[in-house]
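Novice:
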Amino acid sequence: MGASHAAVFFRIRNGSYSGCADQATEFADRNSAWKEMTNVCADMTAAIAHKLQENSEWRMELLDEDKEPVFRIRIVAETLD
């Protein structure tokens with residue numbers, strides 16, 4: 037994503053579930069896209085934490101126009117014994 041506007045997609049993965057937005061979202065730059073992604077993730081954190089299973093992973097990714105990951109936020113639950 038360069039200095040010009042770019043279309044991006046959000047994808048969420050949780051265990052075997054993977055869902056990607058059908059509609060692209062436009063952002064002015066990478067910083068704007070990152071800020072929106074972190075805001076959305078922050079809004080979802082409580083719901084994610086309540087549903088997270090042991091030894092599982094939740095991901096939110098921001099994909100470029102070719103649906104390749106640009107940013108990824110991961111929440112990992114691990115049993116360490």
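When we follow the working numbering, the leftmost residue of the sequence shown carries the number 37, and every step to the right adds one.
Ideal Cβ placement from N, Cα and C applies to all residues, glycine included.
Hey, out of 106, 95, 105, 91, whose CA is closest to residue 115's CA?
Specialist: Your numbering for residue 115 matches position 79 in the sequence shown. Nearest option by C-alpha distance: 91.
Novice: Between residue 70 and residue 108, what straight-line distance do the alpha-carbon atoms span, to the nearest angstrom?
Specialist: In the sequence shown, the residue the question calls residue 70 occupies position 34. In the sequence shown, the residue the question calls residue 108 occupies position 72. Looking at the two C-alpha atoms, the distance is approximately 10 Å.
Novice: How would you call residue 42, buried or exposed, if buried means at least 16 neighbouring beta carbons within 10 angstroms?
Specialist: Working through the sequence shown from its first residue, we reach residue 42 at position 6. Result: buried.
Novice: In the DSSP assignment, what residue or residues form a beta bridge with residue 43?
Specialist: The residue given as residue 43 occupies position 7 in the sequence shown. 62.
Novice: Rounded to the nearest angstrom, what separates residue 63 and residue 57 at their Cα positions?
Specialist: Taking the first residue of the sequence shown as position 1, residue 63 is located at position 27. Taking the first residue of the sequence shown as position 1, residue 57 is located at position 21. Straight-line measurement puts the Cα of residue 57 at about 15 Å from the Cα of residue 63.
Novice: Taking the beta strand (DSSP E) that residue 113 falls in, what are its first and last residues?
Specialist: Locating residue 113 in the sequence shown gives position 77, where the first residue counts as 1. Residue 113 -> beta strand (DSSP E) spans 105-113.
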